[in-house]
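Going left to right, the sequence shown walks through residues -23 to -1, 1 to 179 as mature numbering (1 follows the signal peptide of the UniProt record, and there is no 0) numbers them. Input: a single structure, listed below in structure tokens.
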Amino acid sequence: MKCEPTVTLAVCCALALSGCSTLDDVPVPAEDGTPTASASAPDSAPAPEQAPALGADLPVDTRPVGQRTNFNECPYLDTQWVADTNGQRVTGVDVDTRFDPPACVYFSYPEAPQLEVIVRHMPTEADAIAVVDTAAPISTTEPADQPAGWMGGRAGEGMVPGVEGSVYAVQKGKTAVVVYSNQGQSFKPEQVAGQVINNLGL
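What follows is the structure in structure tokens.
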């Protein structure tokens, strides 16, 4: 039986239209023959925020802070050794992790710390010298040269304006070590500084 020409034409047109309607859904091949997705790639994830820098980026005159009721051991000093050296019982100890390594703060019965220990690894030698000169200004302190190879200043009670007690601050290369004591003579913070330098292998 013969098909009417009008029926055949209608079927062909329908098939042609169907093929055209699905053409947009087919991935367009790349030049190397690999199909590419029709949708655009999602935006890349934002870069994670950087953690605040420690130690070196703090102002040169930054003093450590701690809670006198805490007892967080210093990672590089023995608590009983500190008590024996500074001549006071340790009733509390805390660390300030803004510094790297952490600064250590020791307390006794008074509200103010009995001892503050700071180690600073600075970007340049000039920065390390600035830390020492701020803690122990040349104009109001005496020279310090211990341990061997370290240079800085020392001061007993009343010698540095704004500092209660004594201070011993020395520097070698890019590293500075500063110790504040509530004791009047700088010999005690000197002993602590020497122990810190030895224990940390500075």
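All C-beta atoms in this analysis are idealised placements derived from N, C-alpha and C, irrespective of residue type, glycine included. Everything numeric in this text was worked out from a predicted model, so none of it was measured.
Separation of residue j from residue i, as counted between CA atoms
i: Glu48; j: Gly69; result: Here residue 48 is Phe; the residue named in the question, Glu, does not match the sequence. Their Cα atoms are separated by approximately 5 Å.
i: Asp38; j: Thr152; result: 15 Å
i: Gly178; j: Pro124; result: 12 Å
i: Gly161; j: Pro87; result: 15 Å
i: Asn159; j: Arg40; result: 14 Å
i: Val96; j: Val154; result: 5 Å
i: Gly150; j: Pro100; result: 10 Å
i: Met128; j: Asp122; result: 5 Å
i: Thr46; j: Val72; result: 12 Å
i: Gly130; j: Val144; result: 8 Å
i: Gly139; j: Lys165; result: 19 Å
i: Gln65; j: Gln57; result: 10 Å
i: Glu141; j: Glu134; result: 6 Å
i: residue 204; j: Ala132; result: Since the first residue of the chain shown is -23 and the last is 179, residue 204 is not available in this structure.
i: Asp61; j: Ala89; result: 19 Å
i: Asn175; j: Tyr157; result: 18 Å
i: Gly171; j: Gly126; result: 12 Å
i: Val173; j: Glu167; result: 10 Å
Residue(s) in a DSSP beta bridge with residue i
i: Ser158; result: Leu92 and Ser143
i: Glu167; result: Answer by DSSP bridge pairing: none, since Glu167 is not bridged.
i: Val72; result: Cys81
i: Met128; result: Gln148
i: Arg97; result: Ala153
i: Ala121; result: Gly129
Reference residue i, options the options, closest by Cα
i: Val147; options: Pro52, Val82, Tyr53 and Val169; result: Val169
i: Asp34; options: Cys81, Val108 and Asn176; result: Val108
i: Gln91; options: Gln172, Asp110, Gly130 and Val42; result: Val42
i: Ala112; options: Trp127, Thr56, Val137 and Met128; result: Val137
i: Val59; options: Gly139, Thr74, Glu93 and Val140; result: Glu93
i: Val67; options: Gly126, Tyr157, Ser85 and Thr74; result: Ser85
i: His98; options: Lys165, Pro36 and Gly64; result: Pro36
i: Asp77; options: Gly133, Gly142, Val156 and Leu31; result: Leu31
i: Thr74; options: Gln44, Asn63 and Glu167; result: Gln44
When the Cβ atoms of the stretch 93 to 105 are set against those of the stretch 115 to 135, are three or more pairs found closer than 8 Å? Contact fails: fewer than three Cβ-Cβ distances are below 8 Å.
Touch test, the stretch 51 to 63 against the stretch 80 to 94, Cβ-Cβ under 8 Å, three pairs minimum: Short answer: they touch.
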